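Okay, structure first, notes after.
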Amino acid sequence: MFEGEKTAIFFTGLFIFGGALFGLFSTLWFIFVIDTGSYLWKALTPFAFGSAVFMVIGYYMMTIGVRKPPPPPKS
């Protein structure tokens, strides 16, 4: 899927995707496992949504950050 030369955009997208994945997992873990019985999940819902949006942005940057090698010349 990500075959080809990786550019700086790819690695920036990978960094954003990884950070957003960590943030989403941490937020959801806190909402569903640690915080039982209070209404703090209402305050953390925007962070979970924002992390999901940044995951999509990071994935898109990873897909456009791969430079495909030119096809071999026909002889």
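Each residue of the sequence shown is one higher than the last, beginning at 1492 in my numbering.
Glycine residues also receive a C-beta, built at the ideal position from the N, C-alpha and C atoms.
No experiment lies behind these values; they were computed from the predicted model shown.
| request: Spell out a yes or no on whether the region 1496-1508 and the region 1547-1562 are touching, meaning 3 or more CB-CB pairs, one atom from each, closer than 8 angstroms. | output: Yes, they touch.
Problem - CA-to-CA distance, Gly1495 to Pro1564, given in whole angstroms - result: So the two alpha carbons sit approximately 18 angstroms from each other.
Notebook entry, point to check: Do you know how far the Cα of Phe1521 is from the Cα of Met1492?
Noted result: Each residue's alpha carbon lies about 33 angstroms from the other.
- request: Apply the 10 Å Cβ neighbour rule to Phe1516 and answer buried if 16 or more other Cβ atoms are within range, or exposed otherwise.
  value: In the assembly as shown, Phe1516 is an exposed residue. Its beta-carbon has fewer than 16 other beta-carbons within 10 Å.
### Message
By alpha-carbon positions, which one of Thr1518, Thr1498, Phe1506 ends up nearest to Val1547?
### Response
Out of Thr1518, Thr1498, Phe1506, the CA that lies nearest to the CA of Val1547 is found in Phe1506.
Query raised in the report: So Thr1518 packs on Phe1545, CB below 8 angstroms; how close in whole Å?
Result: The pair is not a contact, with the Cβ atoms about 12 angstroms apart (cut-off 8 angstroms).
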